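Trainee: Structure in structure tokens, see below.
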DNA sequence: AATGAATGAGCGTTCATTCAT
DNA sequence: GATGAATGAACGCTCATTCAT
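Chains as they are written, first to last, in the UniProt record's numbering: chain A, 1 to 221; chain B, 1 to 221; chain C, 1 to 221; chain D, 1 to 221.
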């Protein structure tokens, strides 16, 4: 009865609770990413889960809180991945290119996360604002940029006046736009920004852009 | 009945019809931009109009078609503005910087349009895909980029291998991200990308980035 | 087509609308009186109607407004009946006894109205407070009391210091209590206050009480 | 385990059980009186208690039984108070006035009890009917009335044909109505029956009414 | 005796849409 | 061409209760 195959009912329940919670979050992530906050249906999320709609309210409290939980977990996963960032390189130029490339890869690999962030922006980041967890989640990627930037500026390889947050915005904007605006861009200009054949091209383009910017002589003041 | 006080029913109607259509589109644009496609309420749009909900269905057919019409008009306005783009300058470097700056200004001035495009991307550009008008709307801005780029490459000022659509993506991504992701970026990094005090800084940063990229010696491939 | 048997579709609709509204009010009155505000079910009301639940919201807006409408109509019916009060009698004593008896009959004949008033008191008269109609509905019965009282006091038959509103409260309290507290009184004291056999007795008792009070010499000051 | 710090588990439990039961009843009384039977929330009752919702079911069985228990205790308290009634007076007239006044005071002091009784009447006294305790709770007040009435009738001060239960109904109806219908009466006639300034007036009015009735010469039948 | 976790059933309400002239 | 009246379907949510120890 308490063997490995049949663990104590109680243990089962606890493990099941965590598993059920995770399952709901998985399905909810997909559903919110698929249809947006208002387009997502609590019924649909429940239907694709082994539990009932009632359980969603039991575990999360409501649709709004469920979306916040989805966002919290998604950002958590992203930040965890960022913590694995390994861009150590003696040359700041090589290091920053590597960081840009990893950011590029990362966005490409998480289109649903990009969608969730777009959706959250449509809702003016109200869920992030209302979440304690997300307020203090920080950004390991930003720390990495800070380090490389300091090193490059110290050695005189990079122009001195660049700020880490701004550089992060610059890198992110390209990576984010490529995924988030893929559909309208494709429909309007007939070019799929996520086409596999152009992947290396855009990856290099991003690196070139960032390095050119960081190493260029400024003509403006 | 056809006196001055009571103009021809027909003429009135036609003029009224156009005005009513425009009024519905105005309100619908605000409402869709405010709340997203699914978050927008046909009732709310009707309530803020001098007509009834029934008229929305009479003129546009349904919520989906109304959103498409909103998108069509919004893109039309944007393209019209692009047609006014005046970046003529003998120096391609100055011209491209000017284009980037005007694009920057343009995004900043039309946050609702940015929201509509984000919303349309959440819906995988299905309304653009289903619209005849939007399929062939083209992009005057792209033509301008093409011209400047050709001039700059011919004169050897710009590196040869840059494509106009890609450069447009690069410029747009920064301008778009700054507006579209303002809320999450602000909530997460504590920096308002639309802060008036940092406006000139970001505007210059974009120009610097584009020019640095276009004029840099390539170290890769 | 516009004959008496088959009136114009439009006319039908309008008449139907009024009839449907009235039907909903009828059923809702029964259901609210049966189960109280919170115990009543919108679904149940709809089920016992020839229309759907949706129509209740279309016509009334919500459960709360429906209850208010039920109350408004119920009070309207009561006040209309009060307007028919015919207690004209040269003798104020006979007149006041007659008024008390009619009030007695009236309460007995409208147990559902008594229940609705009890329910509204449980809810602290919030629906009456929120209703414009009910605020200025007045009370013809009170006017009648006022008239008789003045006549009786003028002629010296009634003690001078009695107020119409207070006398109305005195008469109402007995009539109301007999119906509203029938169940607990019956369960606790084993006496059914609405027993047909005791009806005349209680009717006379009320009249005796009121007249005794009005004609007694006051020993207290 | 049975030390002073940790008293016998059993003793503790029993004492706690009684205390917990009483606490639940306190809160439930408030909640039922506040919102009615259907309006009351088991969750809300539990939340305002030091125990859990589960305990309510453990101790009482369900919402219905809890309401019955609330009613039983409320009537018990009332009957206990009635047992303290001290209206001994050689003069039956003074005694009955005193009884009326104490009944008046009593109703005024227990508005929540009045509400519970109103609520129970809305539910047709089904909980009283289903309770063994409440079936045989009796009414000390009634006994007092019986005694005074007999004395008054014997001495010829009171008219002979009055029944104790009826007189109790007469007194109660005025006292009960004043509290139970305070809200609708106030909203409709603009007079607060519980206004402190009119308290003495109504208290005297009740006594006058009862005595006038009991001492009047009957003109009917 | 005591309890935390779970839940089926049904709640009041709202949505985009169409009917019928 | 124009419209007020109506509506089916589904929405997010909450209720009193029980399961399983």
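Backbone N, C-alpha and C define an ideal beta-carbon position, used for all residues, glycine too.
Values in this document were obtained by computation on a predicted structure and should not be read as measured data.
#1: Counting only beta-carbon separations shorter than 9 angstroms, does residue 193/D have a partner in chain C?
#2: Hey, how far is the Cα of residue 152/B from the Cα of residue 191/B?
#3: Since residue 186/A meets chain B, which of its residues come closer than 8 angstroms, beta carbon to beta carbon?
#4: On the CB-based measure, 16 or more other CB atoms within 10 Å of its CB, does residue 86/C come out buried or exposed?
#5: So is residue 213/A buried or exposed if we call it buried at 16+ other beta carbons inside 10 Å?
#6: Here's a check: name, in chain order, each residue in its chain whose Cβ is nearer than 8 angstroms to the Cβ of residue 50/C, leaving out the five neighbours to either side.
#7: Going by Cα to Cα distance, which pick from 183/C, 188/C, 184/C and 178/C is closest to residue 198/C?
#8: Using a Cβ cut-off of 9 angstroms (strictly closer), state whether residue 18/D contacts chain C.
#9: Rounded to a whole number of angstroms, what is the C-alpha to C-alpha distance between residue 185/B and residue 55/B?
#10: Find out if the Cβ-Cβ distance for the pair residue 36/A, residue 114/B is shorter than 9 angstroms.
#11: On the three-state DSSP scale, how would you describe residue 1/C?
#12: Does the segment 91 to 98 of chain D come close enough to the segment 59 to 74 of chain D that 3 or more CB-CB pairs lie under 8 angstroms?
#13: Determine the chain A residues that contact residue 139/B at a beta-carbon separation under 9 angstroms, and present them in chain order.
#14: With a cut-off of 8 angstroms on the beta carbons, I'd call residue 137/D and residue 79/D a contact; round off their distance for me.
#15: How big is the Cα-Cα spacing for residue 176/D and residue 173/C?
#16: Given a cut-off of 9 angstroms, decide if residue 74/D and residue 106/D are closer than it, judged by their beta-carbon atoms.
#17: Beta-carbon of residue 55/A versus every beta-carbon of chain B: anything under 9 angstroms?
#18: When burial is assigned at 16 or more other CB atoms within 10 Å of the CB, is residue 29/A buried or exposed?
#19: Report yes if the C-beta distance between residue 166/D and residue 170/C is below 9 angstroms; otherwise report no.
#20: Specify the secondary structure class of residue 92/A as computed by DSSP and reduced to three states.
#21: Measure from the alpha carbon of residue 90/A to the alpha carbon of each residue in 157/A, 201/A and 162/A, then state which is nearest.
#22: Using 10 angstroms around the beta-carbon of residue 160/A, count the other beta-carbons present and answer buried if the total reaches 16, otherwise exposed.
#23: Check whether the Cβ atoms of residue 131/A and residue 180/B lie closer than 9 angstroms to each other.
#24: Listing by chain order, which chain C residues have their CB less than 7 angstroms from the CB of residue 183/D?
#25: Cα-Cα, which of 18/A, 83/A and 88/A is closest to residue 58/A?
#26: Can you tell which of 188/D, 104/D, 39/D and 196/D has the C-alpha that lies nearest to the C-alpha of residue 116/D?
#27: Check this for me: beta carbons of residue 110/C and residue 121/D, under 9 angstroms apart or not?
#28: Which of the three DSSP states is assigned to residue 161/C in this structure?
#29: Got a sec, what are the start and stop residues for the alpha helix (DSSP H) residue 49/B sits in?
#30: For residue 155/B, would you say it is in contact with chain A, using Cβ-to-Cβ distances shorter than 9 angstroms as the test?
#31: Which residues, in chain order, does the segment 154 to 179 of chain A contribute to contact with chain B at a C-beta distance below 8 angstroms?
#32: Measuring CB to CB, does residue 210/D end up less than 9 angstroms from residue 125/D?
#33: Are the CB atoms of residue 189/D and residue 149/C within a distance shorter than 9 angstroms?
#34: With a 10 Å radius around its C-beta and 16 neighbouring C-beta atoms as the bar for buried, classify residue 154/B as buried or exposed.
Mentor: Taking the definition as stated:
#1: Taking the first residue of the fourth chain as position 1, residue 193/D is located at position 193. Chain C places a beta carbon closer than 9 angstroms to that of residue 193/D, counting this residue as a contact.
#2: Counted from its first residue, the second chain places residue 152/B at position 152. Counted from its first residue, the second chain places residue 191/B at position 191. Approximately 35 angstroms, taken between the alpha carbons.
#3: In the first chain, residue 186/A corresponds to position 186, counting from 1. Result: 125.
#4: Here the question's residue 86/C lines up with position 86 in the third chain. Burial state of residue 86/C is exposed, judged by a 10 Å Cβ sphere holding fewer than 16 other Cβ atoms.
#5: Within the first chain, the letter at position 213 stands for residue 213/A. Around the beta carbon of residue 213/A, 16 or more other beta carbons sit within 10 angstroms, so the residue counts as buried.
#6: Numbered from 1 along the third chain, position 50 holds the residue referred to as residue 50/C. Once the five neighbours on either side are set aside, the close Cβ partners of residue 50/C are 20 and 23.
#7: Here residue 198/C refers to the residue found at position 198 when the third chain is read from its first residue. Checked all of 183/C, 188/C, 184/C and 178/C; the closest Cα to residue 198/C is 178/C.
#8: If you number the fourth chain from 1, residue 18/D lands on position 18. Closer than 9 angstroms: no.
#9: For the purposes of this step, residue 185/B is taken as the residue at position 185 of the second chain. For the purposes of this step, residue 55/B is taken as the residue at position 55 of the second chain. Here the alpha carbon of residue 185/B sits roughly 40 angstroms from the alpha carbon of residue 55/B.
#10: Translated into the one-based positions of the first chain, residue 36/A becomes position 36. Translated into the one-based positions of the second chain, residue 114/B becomes position 114. Taking a C-beta distance under 9 angstroms as the contact criterion, residue 36/A and residue 114/B do not qualify as a contact pair.
#11: Stepping through the third chain from its first residue, residue 1/C is reached at position 1. Only weak support is given to the placement of residue 1/C: the predicted model assigns it a pLDDT of 37, under 50, and the value that follows is read from those uncertain coordinates. Note: residue 1/C maps to coil in three-state DSSP.
#12: Not touching, per the Cβ criterion.
#13: For the purposes of this step, residue 139/B is taken as residue 139 along the second chain, with counting starting at 1. Ordered by position in chain A, the residues that pass the 9 angstroms Cβ test against residue 139/B are 188 and 189.
#14: Against the fourth chain, residue 137/D aligns to sequence position 137. Against the fourth chain, residue 79/D aligns to sequence position 79. Contact check for residue 137/D and residue 79/D: beta-carbon distance about 6 angstroms, within the 8 angstroms limit, so the pair qualifies.
#15: Your numbering for residue 176/D matches position 176 in the fourth chain. Your numbering for residue 173/C matches position 173 in the third chain. So the two alpha carbons sit approximately 8 angstroms from each other.
#16: If you number the fourth chain from 1, residue 106/D lands on position 106. If you number the fourth chain from 1, residue 74/D lands on position 74. Not in contact: residue 106/D and residue 74/D (Cβ atoms no closer than 9 angstroms).
#17: Taking the first chain and counting its residues from 1, the one referred to as residue 55/A is at position 55. Residue contact check for residue 55/A against chain B: no CB pair falls below 9 angstroms.
#18: Here the question's residue 29/A lines up with position 29 in the first chain. Classification of residue 29/A: buried, given that the 10 Å Cβ count is 16 or more.
#19: Residue 166/D sits at position 166 when you count from the first residue of the fourth chain. Residue 170/C sits at position 170 when you count from the first residue of the third chain. No, they are not a contact pair.
#20: On the first chain, residue 92/A is found 92 positions in, with the first residue counted as 1. Correct three-state label for residue 92/A: helix.
#21: As a working note, residue 90/A is residue 90 in the first chain. If we check each option's Cα against that of residue 90/A, 157/A comes out closest.
#22: For the purposes of this step, residue 160/A is taken as the residue at position 160 of the first chain. The residue is exposed, with fewer than 16 neighbouring Cβ atoms inside 10 Å.
#23: As a working mapping, residue 131/A is identified with position 131 in the first chain. As a working mapping, residue 180/B is identified with position 180 in the second chain. No. Outside cutoff.
#24: One-based indexing of the fourth chain puts residue 183/D at position 183. The contact set of residue 183/D on chain C, defined by CB atoms closer than 7 angstroms, consists of 121, 124 and 125 in chain order.
#25: Taking the first residue of the first chain as 1, we reach residue 58/A at position 58. If we check each option's Cα against that of residue 58/A, 18/A comes out closest.
#26: What you label residue 116/D is simply residue 116 of the fourth chain in a count that begins at 1. Here the closest residue by C-alpha is 39/D.
#27: Taking the third chain and counting its residues from 1, the one referred to as residue 110/C is at position 110. Taking the fourth chain and counting its residues from 1, the one referred to as residue 121/D is at position 121. It is not a contact, given that the beta carbons lie outside the stated cut-off.
#28: In the third chain, counting from the first residue as 1, residue 161/C sits at position 161. If DSSP states are grouped into helix, strand and coil, residue 161/C belongs with coil.
#29: Taking the second chain and counting its residues from 1, the one referred to as residue 49/B is at position 49. Here residue 49/B belongs to no alpha helix (DSSP H), and DSSP marks it neither H nor E.
#30: Taking the second chain and counting its residues from 1, the one referred to as residue 155/B is at position 155. Interface flag for residue 155/B against chain A is unset, since no Cβ pair is found closer than 9 angstroms.
#31: Residues of the segment 154 to 179 of chain A whose Cβ lies closer than 8 angstroms to any Cβ of chain B, in chain order: 165, 166, 168, 169, 170, 172, 173, 174, 176, 177 and 178.
#32: On the fourth chain, position 210 is the one that residue 210/D refers to. On the fourth chain, position 125 is the one that residue 125/D refers to. Contact: no.
#33: One-based indexing of the third chain puts residue 149/C at position 149. One-based indexing of the fourth chain puts residue 189/D at position 189. Not in contact: residue 149/C and residue 189/D (Cβ atoms no closer than 9 angstroms).
#34: Counting from one through the second chain, the residue named residue 154/B turns up at place 154. Exposed, by the Cβ-count rule.
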